[in-house]
Amino acid sequence: MKRLGVLAVLLLVLGLPAAGGAQQPKTSVQFPPGVPLARQGFYLYAQNCASCHGDRGRGVVPPASQEAPGPIPGLGPSLSGVGAGAADFYLRTGYMPLGEPTDQPKRSPNFFDDNEIRALVAYVASLGPGLPIPDPHPENGNLSEGLSLFREHCAGCHQILAEGGYVTGAVPPPLDRSTPVQVAEAVRIGPYVMPKFSERVISDDELDSLVAYVEYAKNPDDRGGWALGHVGPVPEGMLTWFLAATVLIGACVLLGQRLRR
Amino acid sequence: MSRFRNWFISAVVLLAGRRAKPGAPQSERILPEGEPRPGSEVLAACLLFGCAFFGAAFVAVYALDRLPWTTQLLGASLGLALACLAAALVVVAKRLVPDEQLEEDYPTAHPAASDSIAQLVQESGDRFTRKRLVVVAAGAATGALSLAAITPALSLGPALDPDVLYRTPWRPGRKLVDERGRPIRADGIEFKTFYTAFPQGAEREELGAPLVVVRLDPGALALPAGRGSWAPEGILAYSKICTHAGCAVALFRTPLFPPAEPKPALVCPCHYSTFDPAAGGAVLFGPAGRPLPQLPLRIGSGGVLEAAGDFSGPVGPSWWGVRMGKPT
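Chains Y and A, in that order, give the protein sequences.
Quick note on numbering: the working numbering labels position 163 of the first sequence as 148, and the sequence is numbered without any gaps.
Basically the working numbering = 1-based index in the second sequence + 531.
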């Protein structure tokens, strides 16, 4: 009996941190066949998203008097009119669900499985007309045009090989794990503090080139061999000179030593 | 012109004239007398004049500044000048100065030794028969090279006419155009994105030309007093040149959900100076010492954006004149 009590306490201690995490555990429901995706998404939304995004995606915003983001629990934008593209982006990158509303969303493992994401995307899309999931074709893109677009619009924050960087107050992420669809979605949405780029600024054809460049930047063609800074053979050459000069000087010192008799 | 001719004639006379050797009594020689080598001497002088020529050519190329391949010509002229100098020194060392190698014990210091060393040095120059020619050539080479070395200091800035630092191409009524020269319409400026604009029909490379244009909610603006009409429909234009070190302000931080995210800001990627577009470009963070200059806008005929005046302050990195105020 006593042993059982210890076991119960142990279970309680072990179980508490898991329950107290930022993300409440989702409950998986087996829907009978024939339930529409959006309807399934509605249940998932109500369980996992409504605390911040409000009833039926109407959002939770602070009262007009409060300017600075204060300690308001469950603050979230309205999802009406954001479209399937935004929902797909935030869920498949693991940006949502977010532990703390004022945190920057970060790439993390998907909280929902593929079916659940499709259901949630269908539900969010049903809240109002918005951005559909884009369909980029990087194979039709032009790599050099993509480079010049990326340099002009993206490299200021994400760096020229999409390794990520900094702006004051936020961390532009590296794009090495972004899929072409996610890159296209991000360009059109402007997640977090990123600007958005409409079709007037970057057309769909240009977007293909841009995505092609981001795909290229995942495995750039490192001419120098060691990929030092990914800027061509110059840093590698300098390092080689440095190493070779050390070896040569060592050889000279050895050759120049007097024989000891 | 006649003065120039006089200078030229006196230079020729000086070069051609040979002074008689001073009739000082010659003590016994230490070095064996070497035969003069006029050929080598003239070669050295030619090389030094060559150095002077290319040094002057560097200054000329720099001053003209309109030749094609300017950078390559500058490099080639300076390189050739230094190569000529090096060749002249090699000729002198190999052919005109004794290069005998001697080995002896380290001498104890003795006053008499210094006399003989002085004599040795004196006699080393025996092979030079046209000393004046070589000295003039060496002087010309040194002068031209020194001039070539200090010429690029002119690029440090307009020392004589700082007024150009205040000039910008923006006048009331000048239209804003995009990178391809198309006029920018007010209804083409969307929220949460940013645009680079230039003055129509003016030099784009000028410091005061490029603008960054954004649209914010007119209700969220808190512009300084007197700028109430500068942002029609909430469209704001700022100089794209950071007031810290002159980089392009290329980052626009713009929240998707303002209540929970950092507020809009223009950020310079060089040193992260951060400016508040809603508050007249005030510095929020970073090393910049003064706000980003704002350009007053108005919507002209056909909905095209145009300037309503000049910037709110001097454009570009700060310099001494910024504190003194613009002269009128």
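Just so it is clear, CB atoms sit at the ideal spot from N, CA and C, and this is done for glycine as well.
Once DSSP output is grouped into helix, strand and coil, what is the label at residue i?
i, result
"residue 742(A)", "strand"
"residue 5(Y)", "For residue 5(Y), the predicted structure reports a pLDDT of 38, less than 50, and the residue's modelled location is therefore unreliable. A value from the coordinates is still provided. Three-state result, residue 5(Y): coil."
"residue 61(Y)", "strand"
"residue 763(A)", "helix"
"residue 80(Y)", "coil"
"residue 728(A)", "strand"
"residue 713(A)", "coil"
"residue 155(Y)", "strand"
"residue 141(Y)", "helix"
"residue 32(Y)", "helix"
"residue 706(A)", "strand"
"residue 842(A)", "coil"
"residue 75(Y)", "helix"
"residue 45(Y)", "strand"
Judging by CA-CA distance, which residue of the options is the nearest neighbour of residue i?
i, options, result
"residue 34(Y)", "177(Y), 143(Y), 83(Y)", "83(Y)"
"residue 182(Y)", "720(A), 734(A), 809(A)", "720(A)"
"residue 163(Y)", "73(Y), 213(Y), 237(Y)", "73(Y)"
"residue 177(Y)", "830(A), 788(A), 603(A), 619(A)", "788(A)"
"residue 674(A)", "588(A), 558(A), 763(A), 795(A)", "588(A)"
"residue 576(A)", "805(A), 660(A), 749(A), 773(A)", "660(A)"
"residue 685(A)", "635(A), 590(A), 797(A)", "590(A)"
"residue 114(Y)", "17(Y), 70(Y), 95(Y), 21(Y)", "70(Y)"
"residue 101(Y)", "156(Y), 31(Y), 168(Y), 65(Y)", "31(Y)"
"residue 655(A)", "537(A), 810(A), 718(A), 564(A)", "564(A)"
Taking the alpha-carbon positions, what's the residue i to residue j distance?
i, j, result
"residue 842(A)", "residue 152(Y)", "26 Å"
"residue 736(A)", "residue 846(A)", "13 Å"
"residue 107(Y)", "residue 119(Y)", "15 Å"
"residue 79(Y)", "residue 89(Y)", "12 Å"
"residue 615(A)", "residue 668(A)", "12 Å"
"residue 196(Y)", "residue 204(Y)", "13 Å"
"residue 6(Y)", "residue 77(Y)", "Note on residue 6(Y): pLDDT 40, under 50, position unreliable in the model; the coordinate value appears next. Going by the C-alpha atoms only, they are around 21 Å apart."
"residue 543(A)", "residue 226(Y)", "51 Å"
"residue 753(A)", "residue 759(A)", "9 Å"
"residue 200(Y)", "residue 799(A)", "27 Å"
"residue 192(Y)", "residue 149(Y)", "19 Å"
"residue 41(Y)", "residue 29(Y)", "12 Å"
"residue 703(A)", "residue 826(A)", "10 Å"
"residue 234(Y)", "residue 641(A)", "40 Å"
"residue 681(A)", "residue 92(Y)", "55 Å"
"residue 535(A)", "residue 672(A)", "21 Å"
"residue 763(A)", "residue 849(A)", "29 Å"
"residue 778(A)", "residue 714(A)", "25 Å"
"residue 209(Y)", "residue 224(Y)", "11 Å"
"residue 230(Y)", "residue 610(A)", "26 Å"
"residue 766(A)", "residue 745(A)", "6 Å"
"residue 25(Y)", "residue 63(Y)", "20 Å"
For the alpha helix (DSSP H) that contains residue i, what are its first and last residues?
i, result
"residue 201(Y)", "189 to 203"
"residue 642(A)", "642 to 655"
"residue 627(A)", "Segment: none, residue 627(A) is in no alpha helix (DSSP H) and carries neither H nor E."
"residue 583(A)", "569 to 595"
"residue 829(A)", "Unbroken run through residue 829(A) is the beta strand (DSSP E), 828 to 830; no alpha helix (DSSP H)."
"residue 173(Y)", "165 to 174"
"residue 603(A)", "601 to 622"
"residue 105(Y)", "99 to 110"
"residue 667(A)", "662 to 681"
Could you give the residue range of the beta strand (DSSP E) that holds residue i?
i, result
"residue 225(Y)", "No beta strand (DSSP E) contains residue 225(Y), which is instead part of the alpha helix (DSSP H) from 219 to 241."
"residue 837(A)", "836 to 838"
"residue 815(A)", "813 to 816"
"residue 17(Y)", "Note, residue 17(Y): premise wrong, no beta strand (DSSP E); not H, not E."
"residue 798(A)", "796 to 798"
"residue 784(A)", "782 to 784"
"residue 807(A)", "805 to 807"
Taking 8 Å as the cut-off, decide whether the C-beta atoms of residue i and residue j are in contact.
i, j, result
"residue 743(A)", "residue 723(A)", "no"
"residue 828(A)", "residue 795(A)", "no"
"residue 698(A)", "residue 739(A)", "yes"
"residue 582(A)", "residue 612(A)", "yes"
"residue 142(Y)", "residue 782(A)", "yes"
"residue 790(A)", "residue 180(Y)", "no"
"residue 586(A)", "residue 679(A)", "yes"
"residue 730(A)", "residue 700(A)", "yes"
"residue 159(Y)", "residue 171(Y)", "no"
"residue 592(A)", "residue 706(A)", "no"
"residue 578(A)", "residue 629(A)", "no"
"residue 769(A)", "residue 812(A)", "yes"
"residue 66(Y)", "residue 37(Y)", "no"
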